[in-house]
Amino acid sequence: MGRKKGLAGIPVCSCCNEPAVVYQRNSRRSLCGTHFTSDVEGRVFLAMEKNQMIRAGDRIAVALSGGKDSTALLLLLSRHLPKWEDVSLVAITVDEGIRGYRDETIRAAERVAAHAGVEHSIISFRDLFSDNLDTLLEGREEQACTVCGILRNKALTQGAKNSGSTKIATGHNLDDEAQSVLMNVLRGDLPRLVRNSALETSGCFLPRIKPLAEISEKEVASYLFVNGMFLDLPECPYTRYALRADVRSMLSGLEHRNPGTMLRLVESKKKIEKYLGGAPVSAPLRRCRQCDDPCSGNLCQVCMLRQSLGR
Amino acid sequence: MRVIDQGPASVETILSSLGINPLEVIVVRNGTLIPESTVVFADDEVRVIRISHGG
Numbered sequence: 001m002g003r004k005k006g007l008a009g010i011p012v013c014s015c016c017n018e019p020a021v022v023y024q025r026n027s028r029r030s031l032c033g034t035h036f037t038s039d040v041e042g043r044v045f046l047a048m049e050k051n052q053m054i055r056a057g058d059r060i061a062v063a064l065s066g067g068k069d070s071t072a073l074l075l076l077l078s079r080h081l082p083k084w085e086d087v088s089l090v091a092i093t094v095d096e097g098i099r100g101y102r103d104e105t106i107r108a109a110e111r112v113a114a115h116a117g118v119e120h121s122i123i124s125f126r127d128l129f130s131d132n133l134d135t136l137l138e139g140r141e142e143q144a145c146t147v148c149g150i151l152r153n154k155a156l157t158q159g160a161k162n163s164g165s166t167k168i169a170t171g172h173n174l175d176d177e178a179q180s181v182l183m184n185v186l187r188g189d190l191p192r193l194v195r196n197s198a199l200e201t202s203g204c205f206l207p208r209i210k211p212l213a214e215i216s217e218k219e220v221a222s223y224l225f226v227n228g229m230f231l232d233l234p235e236c237p238y239t240r241y242a243l244r245a246d247v248r249s250m251l252s253g254l255e256h257r258n259p260g261t262m263l264r265l266v267e268s269k270k271k272i273e274k275y276l277g278g279a280p281v282s283a284p285l286r287r288c289r290q291c292d293d294p295c296s297g298n299l300c301q302v303c304m305l306r307q308s309l310g311r
Numbered sequence: 312m313r314v315i316d317q318g319p320a321s322v323e324t325i326l327s328s329l330g331i332n333p334l335e336v337i338v339v340r341n342g343t344l345i346p347e348s349t350v351v352f353a354d355d356e357v358r359v360i361r362i363s364h365g366g
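Line order of the protein sequences matches chains A and B. Note that my numbering has the first sequence beginning at 1, numbered continuously upward. Note that my numbering has the second sequence beginning at 312, numbered continuously upward.
As structure tokens, this is what we get:
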């Protein structure tokens, strides 16, 4: 399809004839910075309303790593906070202790929270688990994402509880969500595939919301760039050990050649959830023998991990 | 920095010739974000920024 070109070979916005900054393949529109920002924010808030993510009286703990997704999330939520009655935000940063990576992103997180005027607290692995991630992983680097995921989840929950939050908001984007669906299929992990942490009703966990789940990773980066908040930050050094890195690259290639692939994957998860109709696919909740946290076996994942790490 | 000796061409064509998936980068010319269908010229300086994962 031909697109109108303006000066200097740049396509013009489909809404106002200003120079475009992005082309959206799904809507086949070129958009300028103003209309693109408005489009992204509109889609996020539509998804939030549709899924009733925020209610009056909520205190939302925004998981703020300082990377692009959580930065965009905090920026967007803080800009539109007055839309919700009696809702407050707090940013929680988890310092895993990753040399050459986390210090820079923590400084970025501090700047973003200050810019957004949002209360910010940092919780570290060293405080919670007596050691940083680098030390915990010595000789087992290939397990980095599993170990970090379990401990970070615990740290984030603890930080959110300490701040009196009612929900946790994470910056997962469409690419992340599609990757998770495919990874759970590849692992044959049905319980995780159909888990919906937003529909937490047991009262044992803080519900999690993902306002950016319908926005692609490229759109998140473009949104930040257009709004003067894009930082070219380092990537976690442990990423190369993760299955997600392979899945990410494969899915990105598929999405490029077959637009809509990621959205269809995420929709397929929702269909599976619907067909299951709430039928239980995992063991009922119990309490960890060591720490009393909710879990599905005798020990929670954190206590099992600490045992295996000899801590 | 890499110099490519190429006449007017779309960003998409250039990314493709470099084996770069456009979904994994954003492209900037003179500090301004540009869509992949933008035509760039021989004397343009174009920055291709890889989107880092995470965060």
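Glycine included, every Cβ here is placed at the ideal spot set by N, Cα and C. Keep in mind the model is a prediction, meaning the values are calculated, not measured.
| query | result |
| --- | --- |
| Starting from the beta carbon of T349 of chain B, find every residue of chain A whose beta carbon is closer than 7 Å, and list them in chain order. | G9, I10, P11 |
| According to DSSP, T343 of chain B sits in a beta bridge with which residue or residues? | B:R340 |
| Along chain B, in chain order, which residues have C-beta atoms closer than 8 Å to that of E255 of chain A? | L334 |
| For the beta strand (DSSP E) that S70 of chain A lies in, which residues bound it at each end? | Premise fails: S70 of chain A lies in the alpha helix (DSSP H), 68–79, not in any beta strand (DSSP E). |
| Name the DSSP bridge partner or partners of K167 of chain A? | A:I60 |
| Thinking just about the alpha-carbon of each residue, which of A:R126, A:M48, A:P82, A:L182 is nearest to the one in T170 of chain A? | A:M48 |
| Within 10 angstroms of the Cβ of P211 of chain A, are there 16 or more other Cβ atoms? Answer buried if so, exposed if not. | buried |
| Hey, quick one: how far does the alpha helix (DSSP H) through Y241 of chain A stretch, first residue to last? | First-last for Y241 of chain A: undefined, no H or E at that position. |
| Taking Cβ to Cβ, would you say K269 of chain A is nearer than 8 Å to L193 of chain A? | yes |
| At least one CB of chain A closer than 8 Å to the CB of I325 of chain B: is that the case? | no |
| Is the distance from the Cβ of Y23 of chain A to the Cβ of C236 of chain A below 8 Å? | no |
| With 8 Å as the threshold, decide whether the Cβ of L329 of chain B is near any Cβ in chain A. | no |
| With distances taken between CB atoms, is the gap from V112 of chain A to L74 of chain A smaller than 8 Å? | yes |
| Comparing the C-beta of I360 of chain B with each C-beta of chain A, is any distance below 8 Å? | yes |
| Bridge partners of C295 of chain A, per DSSP? | A:R286 |
| Anything in chain B within Cβ reach of F129 of chain A, meaning under 7 Å, just list it in chain order. | Those within 7 Å of F129 of chain A in chain B number zero; the least Cβ separation is about 21 Å. |
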